[in-house]
Amino acid sequence: METYLGEKQQASQWSPYINNGGSCLAVAGEDFAVIASDTRMSLGYSIKTRYSTKYLKITEKCSIVSSGMQADIFTLHKVLKSRAQIYEQKHGKPMSTDAVAKLVSRLLYYRRFFPYYTFNIVAGIDDEGVGCVFSYDAIGTLERVKYSASGSGSSLIEPVLDNQVALKNRNDIKKEDYKLTKENAIDLVKDAITSAGERDIYTGDFVEISIIDINGTHEDKFELRFD
Amino acid sequence: MFTLGSVLDNDFKSTIEDFSFETEFSTNQLMLPNIEKPFEFAQSIIGLEKDLQENENQLMFHQQKKEERKERALIKGYKGTTTLAFIYEKGTVVAVDSRATSGQYIASQSVQKVVPVNEYMLGTLAGGAADCQFFLAHLGRICNLYELRNNEKISVAAASKLLNNILYSYRNYGLSVGSMICGYDTRGPQLYYIDSDGSRLKNSLFSVGSGSPFAYGVLDAGYRWDLSKEEALDLGRRAICAATFKDSYSGGTVKVYHIDENGWVKISDDDASELWYRYEEKEKKKK
């Protein structure tokens, strides 16, 4: 890279980042959101542990899943949890999902020049009771969407969600006739992450799935392939 | 290490503090890693380097190395786009696509590339999405404070100058911002192009992004100062549609906005492929 003075500088060789793999996804319905992540932590060709959580419940109405480097996931979740607590104690009420989404974006951008190597998805119920999903890149680009997948299996999961949730490239169903029910969404999420486990080496072991609606958060866990 | 204290107004320091976790320590800059040459490290990790205008002395060899480094970059921020804006007799037209790519993967087909700064000013997003989102939101905050303090609306020239000064202080940090500040103030319709290299250019039409050459082709051919509103909106829409057709990094939906003395309004939001087929039908009918 050449600076404006014309000196030639070497690109930095040091890199503290590693990718521990894993897949995450979230789907938002009319009045609920479903969020899921696998729990395998890999390093190169080895599995370091079969259970390392990527999921954090921030408030009763909002949760986050992250994939990428486990160390950065742990730190980001730690910082986020304490910021949510500080907010609740200062303002006397828990953070709304929109506020959490913006906070995550800012925390990621604060580290613009030394990023958290995490690919996050925030899901929950917004103030009007409508399900919402927010997806990010590593440095905090924020976008509200109906569904999202991140991690090593994201390119396997995202097309399935495009077809089944957004009804893209389908000639058999009209958008107006279709409504995503909670049971359908849960089945879809389970099937999508199971399929990712079939074809992605870094996805497997266990899946933590969580359903968020007006009554709160309901957490569940099921097994994937161990191979 | 660069500091921003001299560039940012003292009053704005408190807003920057809220961005960082250590609110009890006053930090008025984004965190830098504690190594020598910190922003070079950032540039090598994040594959967001804009294609700078290389001077003719530079060998092809350096160009190739730069491309290799971009490929090896671990973290690929969302980028790629086509945005355009032009001013004409009755106001300003802004048209954008909505695709964000991360390497060769389409990260999203529904990104908001137009960010409202206030009711009569829009900023466009091109280059690094996170960088543009952050700095345009910050610009919105500064403009709001200006209005509250001075009891008058900020001019487009002043707003773009504020953003320009902030971005100049981050020059060589590896930010990628190619934004257009479009608005309507007491001087009429205004359009400025702001770059992360520190450029600030004023013109009657601009197109920014990987698909801009294709958009310029249509835009330059059809542009006149005395267009009618319908013609102007159609011109913007056609130009983006042409860019999404030819550029792989642009696509999704085509959004068109119009700004006049009453403020900005979103005119239309069409799927890019459907729009293309619609134009094709029209051409067939003409024949």
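Respectively, the protein sequence lines represent chains Z and E. Under full-length UniProt numbering, the first residue of the first sequence is numbered 1, with each subsequent residue one higher. Under full-length UniProt numbering, the first residue of the second sequence is numbered 1, with each subsequent residue one higher. We treat Cβ as the ideally placed atom computed from N, Cα and C, and that holds for glycine.
Residue i: contacting residues in chain E (beta-carbon distance under 9 Å)
i, result
"residue 155 (chain Z)", "105"
"residue 87 (chain Z)", "Near residue 87 (chain Z) there are no residues of chain E at all, since even the closest Cβ is about 12 Å away, more than 9 Å."
is_contact[residue i, chain E] using C-beta, thresh 8 Å
i, result
"residue 43 (chain Z)", "no"
"residue 97 (chain Z)", "no"
"residue 229 (chain Z)", "Look at the range of chain Z in this structure, 1 to 227, and you will see that residue 229 (chain Z) is not part of it."
"residue 203 (chain Z)", "no"
"residue 66 (chain Z)", "no"
"residue 94 (chain Z)", "no"
"residue 15 (chain Z)", "yes"
Contacts of residue i in chain B (Cβ-Cβ under 8 Å)
i, result
"residue 145 (chain Z)", "Among the protein chains of the structure shown, namely Z and E, there is no chain B."
Residues near residue i by beta carbon distance below 7 Å, same chain, minus five either side
i, result
"residue 58 (chain E)", "Bear in mind that a pLDDT of 42 at residue 58 (chain E), under 50, signals an unreliable position, so the model cannot answer this."
"residue 124 (chain Z)", "33, 61, 62, 63, 97, 132, 212"
"residue 17 (chain Z)", "69, 117"
"residue 178 (chain Z)", "167"
"residue 79 (chain Z)", "107"
"residue 160 (chain E)", "181, 192, 194, 200"
Neighbour flag for residue i against chain Z, beta carbons, 8 Å
i, result
"residue 42 (chain E)", "yes"
"residue 180 (chain E)", "no"
"residue 279 (chain E)", "no"
"residue 31 (chain E)", "yes"
"residue 249 (chain E)", "no"
"residue 169 (chain E)", "no"
"residue 126 (chain E)", "no"
"residue 134 (chain E)", "yes"
"residue 46 (chain E)", "yes"
"residue 173 (chain E)", "yes"
"residue 130 (chain E)", "yes"
"residue 56 (chain E)", "Caution applies to residue 56 (chain E), whose pLDDT of 35 falls short of 50 and renders its modelled position unreliable; the value that the coordinates give is listed next. Not one chain Z Cβ lies under 8 Å of residue 56 (chain E)."
"residue 53 (chain E)", "Confidence is the limiting factor: at residue 53 (chain E) the pLDDT is only 34, short of 50, which leaves the residue's position unreliable, though a coordinate-based value still follows. Answer no: the Cβ-Cβ gap between residue 53 (chain E) and chain Z never drops below 8 Å."
Chain-order list of residues whose beta-carbon lies under 8 Å from that of residue i (same chain, five-residue window excluded)
i, result
"residue 60 (chain E)", "Reliability of the predicted coordinates at residue 60 (chain E) is poor, the pLDDT of 48 falling under 50, and the value obtained from them is presented with this limitation in mind. There are no such residues."
"residue 104 (chain E)", "none"
"residue 198 (chain E)", "164, 167, 168, 171"
Interface partners of residue i on chain Z, CB under 7 Å
i, result
"residue 272 (chain E)", "Ordered by position in chain Z, no residue passes the 7 Å Cβ test against residue 272 (chain E), which lies about 14 Å from the chain."
"residue 38 (chain E)", "113"
"residue 95 (chain E)", "Simply none; closest approach about 20 Å."
"residue 216 (chain E)", "By Cβ distance, chain Z contributes nothing, its closest Cβ being about 26 Å from residue 216 (chain E), past 7 Å."
"residue 102 (chain E)", "137"
Own chain residues within Cβ distance below 6 Å of residue i, not counting five before or after
i, result
"residue 140 (chain E)", "117"
"residue 193 (chain E)", "180, 201, 206"
"residue 256 (chain E)", "95, 233, 236, 237, 267, 268"
"residue 227 (chain E)", "88"
"residue 158 (chain Z)", "149"
"residue 55 (chain Z)", "37, 65, 208"
"residue 278 (chain E)", "none"
"residue 119 (chain E)", "263"
"residue 222 (chain E)", "235"
"residue 28 (chain Z)", "131, 132, 133, 146"
"residue 197 (chain Z)", "203, 204, 224, 225"
"residue 222 (chain Z)", "207"
Residues sharing a beta bridge with residue i, DSSP
i, result
"residue 62 (chain Z)", "Z:59, Z:124"
"residue 258 (chain E)", "E:93, E:265"
"residue 41 (chain Z)", "Z:49"
"residue 133 (chain Z)", "Z:123, Z:145"
"residue 150 (chain Z)", "Z:24"
"residue 33 (chain Z)", "Z:28, Z:212"
"residue 211 (chain E)", "Note: residue 211 (chain E) sits in no beta bridge, so no partner."
"residue 85 (chain E)", "E:94, E:206"
"residue 200 (chain E)", "E:194"
"residue 69 (chain Z)", "Per DSSP, none; premise fails for residue 69 (chain Z)."
"residue 221 (chain Z)", "Z:208"
Item checked: Positions along the stretch 120 to 143 of chain Z whose CB lies within less than 8 Å of some CB in chain E -> 135, 137, 138, 139, 140, 141, 142, 143
Next item on the list: May I ask you to list, following chain order, the residues of the stretch 190 to 220 of chain Z that have a beta carbon less than 7 Å from some beta carbon of chain E?
Entry: none
Check: Using Cβ-Cβ distances below 8 Å, what residues of the stretch 104 to 116 of chain Z are close to chain E?
Finding: 105, 106, 107, 108, 109, 110, 111, 112, 113, 114, 115
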